[in-house]
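Enquirer: Here's a structure for you.
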Amino acid sequence: MNLVVEIRWNKLQFRYGRYSPLVLDDVSFRLSTAGVYVVSGPSGSGKSTVLELLACLRNPTKGRVIIDGEQADKWSVNQAARWRARHVGFVPQAPTLLESLTCEENLALAVDVAGRGFDRSGQASLLNRLGMSEYAGAFPNDLSGGQRQRVSIAQALSSQPDLLLMDEPVSALDGANVAIVESLMLEAAKAGAIVVYCSHQELFGGTAHTLLELGK
């Protein structure tokens with residue numbers, strides 16, 4: 009996989025409403041090198057908001073977001089959605105699997121929408137590594153919280169995204185599964201992806217690159 013995404017934030021500011029306090033103020037960075045990056049900070053400091061801004065699910069209050077040379081903060085909702093489908097794998101805190109599809113169908117859908125990704129054997133391998141093979145034909149409502157989280161991670165990885173965003177990806181997992189998720193994140197980065205996560209649990213022994221440290 010060739011890295012195709014370059015993201016630049018120029019003096020970004022964000023607040024939820026006109027009279028809300030600033031969540032981000034004068035934040036600038038350039039993100040264009042494959043690797044694993046962490047957004048750190050206490051609860052309520054804006055970590056999830058950073059991931060949503062990176063995914064173009066939100067627009068900044070002020071400042072510019074440049075993606076591959078385009079001013080992404082000016083994109084329409086449909087433009088942002090198309091870019092996200094092609095390039096982004098997103099693991100939200102609460103998994104958003106389609107309840108009407110089985111686990112394997114949720115993975116296949118992500119690949120279809122992106123127009124690329126692992127074939128059926130590769131998708132099956134992801135589920136197997138995450139201990140979810142026997143649930144491939146199950147519907148999300150049949151799964152526990154931790155099982156849904158593992159399927160959500162497999163879904164995000166299945167399209168081999170250029171930008172992998174993970175919001176508290178191991179909050180419902182035991183130590184063995186945390187180690188598996190860490191391995192998958194590292195493999196994605198080695199394949200050329202930018203991996204950005206936030207977690208209350210320290211991952212990678214604290215060796216991930218710090219993208220932003222909030223609440224200081």
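Using this note's numbering, you'd call the opening residue of the sequence shown number 9 and step up by one each time.
Quick reminder that beta carbons are idealized off the backbone N, C-alpha and C, glycines included.
Please read all numbers here as calculations on a predicted model, not as lab measurements.
Terminal residues of the continuous alpha helix (DSSP H) containing TRP91?
Expert: 85-95
Enquirer: Where DSSP assigns a beta bridge to HIS217, which residues make up the other side?
Expert: TYR45
Enquirer: Relative to the C-alpha of LEU65, which candidate in ALA216, VAL99, VAL119 has its C-alpha closest?
Expert: Closest option to LEU65, Cα to Cα, is VAL99.
Enquirer: State the DSSP-derived secondary structure class of ASN149, mapped to helix, strand or coil.
Expert: helix
Enquirer: Would ALA42 and GLY200 qualify as a contact pair, given that the criterion is a beta-carbon distance under 8 Å?
Expert: yes
Enquirer: If I measure Cβ to Cβ from ASP34 and keep anything under 7 Å in the same chain, skipping five residues before and after, which residues do I get?
Expert: Closer than 7 Å at the Cβ level, and outside the excluded window around ASP34, lie LYS19, GLN21.
Enquirer: Would you mind stating whether GLU176 and GLN79 have Cβ atoms separated by less than 8 Å?
Expert: no
Enquirer: With DSSP as the reference, label SER237 as helix, strand or coil.
Expert: Nothing about residue 237 can be read from this structure; the chain reaches only from 9 to 224.
Enquirer: As an exercise, report each continuous alpha helix (DSSP H) stretch of at least 4 residues that is fully enclosed by the region 122-171, in chain order.
Expert: 128-137, 153-166
Enquirer: Let me confirm a value: VAL46 is counted as buried when at least 16 other C-beta atoms fall within 10 Å, else exposed. Which label applies?
Expert: Answer is buried; the Cβ neighbour count reaches 16.
Enquirer: Might you give, ordered along the chain, the residues of its own chain that have their beta carbon closer than 8 Å to the beta carbon of SER48, omitting 5 neighbours on each side?
Expert: LYS55, CYS206, THR218, LEU220, GLU221, LEU222
Enquirer: Between ALA184 and the ligand COA, is the CB less than 7 Å from at least one heavy atom?
Expert: Of ligands this structure carries none, so the ligand COA is not represented either.
Enquirer: Quick one: give me the first and last residue of the beta strand (DSSP E) that LYS19 is part of.
Expert: LYS19 -> beta strand (DSSP E) spans 15-22.
Enquirer: Helix, strand or coil for TYR27? Go by DSSP, reduced to three states.
Expert: coil
Enquirer: Kindly indicate which three-state DSSP category VAL112 falls into: helix, strand or coil?
Expert: The sequence shown places Glu at residue 112, rather than the Val named in the question. Helix, per DSSP.
Enquirer: Would you mind working out which of GLY25, LEU171, LEU109, GLY183 sits nearest GLY154, comparing C-alpha positions?
Expert: GLY183
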